[in-house]
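From first to last, the protein sequence lines stand for chains A and B.
Count along the first sequence from 1, then add 641; that gives the number in my numbering.
Count along the second sequence from 1, then add 32; that gives the number in my numbering.
Backbone N, C-alpha and C define an ideal beta-carbon position, used for all residues, glycine too.
One structure below.
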Amino acid sequence: MKRIYLDHAATTPTDPRVVQAMIPYFSDIYGNPSSLHSFGQEARTAVETARNQIASFIMARPEEIVFTSGGAESDNAALKGIAYARREKGNHIITSAIEHHAILETCKFLEKQGFQITYIKVDPNGLVDPYDVKKAITERTILVSIMHANNEIGTIQPISEIGKIAKEAGIYFHTDAVQIFGHAPINVDELHVDLLSASAHKLYGPKGVGVLYIRKGTKFTPFLHGGDQERGRRASTHNVPGIVGFGAAVELAKEGMVQEAEKMTSLRNKLIKGILDSIEDTRLNGDPIKRLPSNANISVAYVEGESMLLYLDMEGIACSTGSACTSSSLEPSHVLTAIGLSHELAHGSLRFSLGKFTSEDEIDYVLDTLPGIIEKLRTMSPLYRKETR
Amino acid sequence: MEPYSEKVIDHIRNPRNMGSIENPDGVGKVGNTACGDIMELYIKVKDGVIIDAKFKTFGCGAAIATSSMVTELIKNKSIEEALKISNRAVAEALDGLPPIKMHCSVLAEDALKAAIEDYQKKASKNG
Ligand code: FES
């Protein structure tokens, strides 16, 4: 059976060219970049090359790039790092209701430490109104953290406007750019961000490596202690192959992302239109225009997400769902609830996320397969009959 | 999450006794308080024996599989025997469920109890 991967928001395959770039750094060039001898210096050169590649990609300076273990660590380090460094100044942090759990759970942790968090609500398309951020600012506010693009519904936030507001108020601004990094141009000055999180495995790089951009001059308390790597901002021996892979992935993104985005947008639009046209009582979640080229998030009334996911998987199609049944908390997606979906519609959501290797044939296969699955599950559903009676 | 057993997958793929019964002798309609899912169980009873059972479920894979399995387990059983079937027994008959999915089997047991209760209420009214 052919298998179709439409879960690129979860992770992407590592590009073979990235793998090739990484291979020498396992067994041939294995030195520790912190060592002074030639073995170490070779490895250090590789790390610094990757740092330059990533810095130039977002118009930052190399010394503003800190390598981490991934998006969750970058988010944790950003929030806790600023909270600890600025606690003398204030204890208030502004974020949104639809952030990734790496932000929301960190905020909950900080609340227990005495910080106050404002969770900005979003509109039905998942957009944060910059004016709401402005209104939430108090003299105790030390940080604003709003994600660049949402991982579930793909909505892209007006980051530059929000950044401007934070900047004018003299407050640090962090953005979780994990989903968009490597898929659209980013300029940290234009966005007015002081901190930015990204992860390599979302852009055809390896898993286990991320970056936190920290603008020069930002007061920051490190998260990991015990070594002076990354200018004392993050202890731990460098993940050299991973870092090299991240650099290579960024180089590929520089070349290809604009074209890839165009191709994905048209395939994604075909997918969305195809589903909405062929299956009744379906709706698109997230902003129709301000959204990631890769993301199609659809709610299907009267059916539950996990069962759809399992049936699709049986046909070789991999996607994800915001259903309560697949979350360990048994709560439906906080993002779908925040945009106003009923429990039932959040329950019946599917997220298809396309990648640069996704083909039109694959989209056609999904469009051929999905209606039959929905029909079967609807026949099984006690809700379907009731609503149509 | 841990994977589902082969038996669970089989019941998801080919649910047994899916649908509803016209003029059932008992109906159990229950909701899962944990995740908000819904199950309906219909039974036909003759001489104290369940001769037919059908289900409709809005829920996860485990909910579908346990619904399907419970209809299999109660068919041709007496009401007394059927009442003894616990959610654990349903899960066991499916070669187990991932721990976080055990609550789904409760839905099946609740629906069964509710269907039998409904049957008994109707029976006592008629009798
Ligand atoms: S019925 Fe919702 S998790 Fe199983």
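For residue i: DSSP bridge partner residues
i: Tyr813 (chain A); result: A:Leu784
i: Gly60 (chain B); result: B:Leu73
i: Ala959 (chain A); result: A:Tyr646
i: Leu836 (chain A); result: A:His815, A:Ile855
i: Asn926 (chain A); result: A:Asn938
i: Thr103 (chain B); result: In the DSSP output, where bridge partners are listed per residue, Thr103 (chain B) has none listed.
i: Tyr760 (chain A); result: A:Thr736
i: Val707 (chain A); result: A:Leu853
i: Arg932 (chain A); result: A:Thr796
i: Ser110 (chain B); result: B:Val81
i: Ala825 (chain A); result: A:Phe822
i: Met50 (chain B); result: B:Phe87
Limits of the unbroken beta strand (DSSP E) element including residue i
i: His733 (chain A); result: 733 to 737
i: Met71 (chain B); result: 70 to 78
i: Gly851 (chain A); result: 851 to 855
i: Asn792 (chain A); result: It is not in any beta strand (DSSP E) - Asn792 (chain A) carries neither H nor E in the DSSP assignment.
i: Lys86 (chain B); result: 81 to 90
i: Ser990 (chain A); result: 990 to 994
Environment of residue i [buried if 16+ CB atoms lie within 10 Å]
i: Arg1030 (chain A); result: Annotation note: pLDDT 44 at Arg1030 (chain A) (below 50); position unreliable, no value reported.
i: Ser935 (chain A); result: buried
i: Glu1003 (chain A); result: buried
i: Lys612 (chain A); result: No answer is possible for residue 612 (chain A): it lies beyond the span of chain A, which begins at 642 and ends at 1030.
i: Pro765 (chain A); result: exposed
i: Asn64 (chain B); result: buried
i: Gln661 (chain A); result: exposed
i: Met71 (chain B); result: buried
i: Ser840 (chain A); result: buried
i: Val40 (chain B); result: buried
i: Lys776 (chain A); result: exposed
i: Glu1016 (chain A); result: exposed
i: Lys997 (chain A); result: buried
i: Ile855 (chain A); result: buried
i: His43 (chain B); result: buried
i: Asn158 (chain B); result: exposed
i: Pro882 (chain A); result: buried
i: Glu947 (chain A); result: buried
i: Phe667 (chain A); result: exposed
i: Glu714 (chain A); result: buried
i: Met700 (chain A); result: exposed
i: Thr816 (chain A); result: buried
i: Gly795 (chain A); result: buried
Anticipated Cβ contact below 8 Å, residue i with residue j, distance rounded
i: Ala123 (chain B); j: Ser100 (chain B); result: So it is not a contact: roughly 13 Å between Cβ atoms.
i: Val829 (chain A); j: Phe708 (chain A); result: Not really, about 17 Å apart at Cβ, beyond 8 Å.
i: Lys86 (chain B); j: Ile111 (chain B); result: Not a contact, Cβ separation roughly 17 Å.
i: Val659 (chain A); j: Ile884 (chain A); result: The pair is not a contact, with the Cβ atoms about 12 Å apart (cut-off 8 Å).
i: Ala743 (chain A); j: Asp716 (chain A); result: 4 Å
Host alpha helix (DSSP H) of residue i (start-end)
i: Leu720 (chain A); result: 712 to 727
i: Phe680 (chain A); result: 679 to 698
i: Val944 (chain A); result: Neither: Val944 (chain A) is in no alpha helix (DSSP H) and is coded neither H nor E.
i: Ser37 (chain B); result: Where Ser37 (chain B) is concerned, there is no enclosing alpha helix (DSSP H), given that its DSSP letter is neither H nor E.
i: Leu1018 (chain A); result: 1001 to 1021
i: Asn119 (chain B); result: 119 to 125
i: Ala894 (chain A); result: 881 to 919
i: Gln820 (chain A); result: Where Gln820 (chain A) is concerned, there is no enclosing alpha helix (DSSP H), given that its DSSP letter is neither H nor E.
i: His135 (chain B); result: 134 to 158
i: His746 (chain A); result: One point to set straight first is that residue 746 (chain A) is Glu, not His, in the sequence displayed. Counting along the chain, the alpha helix (DSSP H) containing Glu746 (chain A) begins and ends at 742 to 753.
i: Asp773 (chain A); result: 771 to 777
i: Gln870 (chain A); result: Counting along the chain, Gln870 (chain A) falls outside any alpha helix (DSSP H), and DSSP gives it neither H nor E.
i: Ser668 (chain A); result: 665 to 668
i: Ala979 (chain A); result: 975 to 979
Short CB-CB distance (under 7 Å) between residue i and chain E
i: Cys748 (chain A); result: Of the chains in the structure shown, none is chain E; the protein chains are A and B.
(request) Specify whether the region 913 to 931 of chain A and the region 940 to 952 of chain A touch according to this definition: at least 3 beta carbon pairs, one from each stretch, less than 8 Å apart. (result) In short, these stretches touch, since the Cβ pair count reaches three.
(message) Three or more C-beta pairs under 8 Å: does that hold for the region 746 to 760 of chain A against the region 865 to 878 of chain A?
(response) no
(message) Count Cβ pairs between the region 777 to 792 of chain A and the region 734 to 750 of chain A that sit closer than 8 Å; are there 3 or more?
(response) yes
(request) With a cut-off of 5 Å, give the chain-ordered residues whose Cβ is closer than this to any heavy atom of the ligand PLP. (result) The ligand PLP is absent from the structure shown, which contains only the ligand FES.
(message) Using a Cβ distance threshold of 8 Å, determine whether the region 973 to 981 of chain A contacts the region 879 to 894 of chain A, with at least three qualifying pairs required.
(response) no
(request) Please determine if the region 990 to 1003 of chain A and the region 68 to 86 of chain B are in contact, where contact requires at least 3 C-beta pairs separated by less than 8 Å. (result) With the rule of 3 Cβ pairs closer than 8 Å, the region 990 to 1003 of chain A does not count as touching the region 68 to 86 of chain B.
(message) Three or more C-beta pairs under 8 Å: does that hold for the region 755 to 775 of chain A against the region 846 to 857 of chain A?
(response) These segments do not touch.
(message) For the structure I just gave you, are there three or more beta carbon pairs, one from the region 51 to 60 of chain B and one from the region 70 to 90 of chain B, closer than 8 Å?
(response) yes
(message) Would you call the region 642 to 657 of chain A in contact with the region 667 to 682 of chain A, where contact means no fewer than 3 C-beta pairs closer than 8 Å?
(response) They do not touch, by the three-pair rule.
(message) Can you confirm whether the region 90 to 104 of chain B touches the region 124 to 143 of chain B when touching is taken to mean that 3 or more C-beta pairs between the two stretches lie within less than 8 Å?
(response) yes
(message) Counting beta carbon pairs with one atom in the region 808 to 815 of chain A and one in the region 673 to 689 of chain A, are three or more of them shorter than 8 Å?
(response) Verdict: no, contact absent.
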